[in-house]
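Participant: Below are the structure tokens for one structure; questions will follow.
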Amino acid sequence: MDLKIMNSLKEGALKFNIDLSDEQLSQFYNYYEMLIKWNETINLTAITDFDEVLKKHFLDSISIGRILRQKEIVSLLDVGTGAGFPGIPIKMAFPYLEITLLDSLNKRVSFLNQVIDSLGLEKIVAVHGRAEDFAKKELYREKFDVCVSRAVANLSSLSELCLPYVKVGGKFISYKSEKAMEELVLSQNAISLLGGGNVSCDAFTLPGADLQRTFIIIQKVKETPLKYPRKAGIPIKRPL
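Per the working numbering: the sequence shown = residues 379 to 618.
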């Protein structure tokens, strides 16, 4: 373990109101090792350098600590989690959260389950399926305090995929770049149609990486009409 780099993770986390213990830092390191090993056989990430992963995946994921009010939420869903970002780092940083990871590729879900088991994480489950389909299920629809997504898609599409999962009074939080305001302007109609409102933004620079990041925080103010999300693939191909 490179102690200097791990110390940079601890220092970066403190800027997001997270004080990582030695045990938590060890979990992050073991997660990194598993990520690199599995990345040899399935495509999980193009970023493999230890320092780069810590900054651009781990710190980026837990930067939500800037706006996440501890104890105000219990359940969190990560849509399109991929290799587990941001859901697994959030779980390690906020152990009390009940987290569901949703991804459409079974191989990635197998990796996530291995990480969960190896790190001894509790109250976290990885689910294989498409966001459009699971949002129709009673077990998942409007059941989460917070839904997050770090997926690369426009905000209109992400809102259709994510807002149906959020309880009225909850939040959809989208991880975006510095161009977030442009997307937000184009997504106002979709957000309103899907039950969202009271939108706010939080822009900041990722520590040590000189990357501009923005959280778009959308409150769920009313129930999402049952016709949303539309059939699989349509929200991405034909944004509202």
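No residue lacks a Cβ here, since even glycine has one placed at the ideal position from N, Cα and C.
In terms of DSSP beta bridges, what is residue 459 paired with?
Facilitator: According to DSSP, residue 459 bridges with nothing at all.
Participant: Checking the sheet assignment: what are the DSSP bridge partners for residue 492?
Facilitator: BP columns for residue 492 are empty, so no partner.
Participant: Should residue 490 and residue 462 be called a contact, given that it needs their Cβ atoms to be closer than 8 Å?
Facilitator: The answer is yes: Cβ separation under 8 Å.
Participant: Within the continuous beta strand (DSSP E) that includes residue 594, where are the two ends?
Facilitator: Its beta strand (DSSP E) spans residues 589–598.
Participant: Taking only the alpha-carbon atoms, compute the straight-line gap between residue 532 and residue 561 and give it to the nearest angstrom.
Facilitator: Looking at the two C-alpha atoms, the distance is approximately 7 Å.
Participant: Are the CB atoms of residue 538 and residue 603 nearer to each other than 8 Å?
Facilitator: No; because the gap between Cβ atoms is not below 8 Å, this pair is not in contact.
Participant: For the candidate residues 566, 553 and 572, whose alpha-carbon lies nearest to that of residue 445?
Facilitator: Ranking 566, 553 and 572 by Cα distance to residue 445 puts 553 first.
Participant: For residue 487, collect the residues of the same chain with a Cβ closer than 6 Å to its Cβ; drop the 5 residues on either side in sequence, then sort them by chain order.
Facilitator: Hits under 6 Å: 481, 504 and 506.
Participant: In chain order, what residues of the same chain have a beta carbon less than 7 Å from the beta carbon of residue 578, not counting five sequence neighbours either side?
Facilitator: Contacts found: 595.
Participant: So what does residue 621 bridge to, in DSSP terms?
Facilitator: With the chain covering 379 to 618 only, the question about residue 621 has no answer from this structure.
Participant: Select from 514, 575, 385 and 502 the residue whose C-alpha is nearest the C-alpha of residue 598.
Facilitator: Cα-wise, what sits closest to residue 598 is 575.
Participant: Out of 618, 513, 557 and 566, state which residue places its alpha-carbon closest to the alpha-carbon of residue 544.
Facilitator: The residue with the shortest Cα to Cα distance from residue 544 is 513.
Participant: Would residue 398 pass as a contact of residue 471 if the rule is Cβ separation under 8 Å?
Facilitator: Contact flag set, yes.
Participant: Can you tell me whether residue 456 is buried or exposed, with buried defined as 16 or more other CB within 10 angstroms of its CB?
Facilitator: With 16 or more other Cβ atoms within 10 Å, it is buried.
Participant: Using a 10 Å radius around the Cβ and a threshold of 16 neighbouring Cβ atoms, would you call residue 563 buried or exposed?
Facilitator: The residue is exposed, with fewer than 16 neighbouring Cβ atoms inside 10 Å.
Participant: Express the C-alpha separation of residue 404 and residue 581 in angstroms, rounding to a whole number.
Facilitator: The alpha-carbon atoms of residue 581 and residue 404 are separated by roughly 29 Å.
Participant: Pick out the complete beta strand (DSSP E) segments inside the region 507–571, 3 residues or longer, and give them in chain order.
Facilitator: You should have 522–527 and 544–555.
Participant: Do you know offhand how far residue 534's Cα is from residue 618's?
Facilitator: About 6 Å.
Participant: Leaving out five residues on either side along the sequence, give the residues of the same chain with a beta carbon under 6 Å from the beta carbon of residue 443.
Facilitator: Cβ neighbours of residue 443 beyond the five flanking positions: 394, 395 and 396.
Participant: By Cβ distance, which residues of its chain are closer than 8 Å to residue 408, with the 5 residues on each side in sequence left out?
Facilitator: Answer for residue 408: 496 and 497, listed in chain order.
Participant: Any idea which residues DSSP pairs residue 580 with across the strands?
Facilitator: In DSSP, residue 580 forms a bridge with 593.
Participant: Would you list the residues sitting across from residue 438 in a DSSP beta bridge?
Facilitator: Paired residues: none, contrary to the question.
Participant: List the whole-angstrom C-beta distance separating residue 546 from residue 464, where the pair is believed to meet the contact cut-off of C-beta under 8 Å.
Facilitator: Contact doesn't hold; Cβ gap of about 24 Å is too wide.
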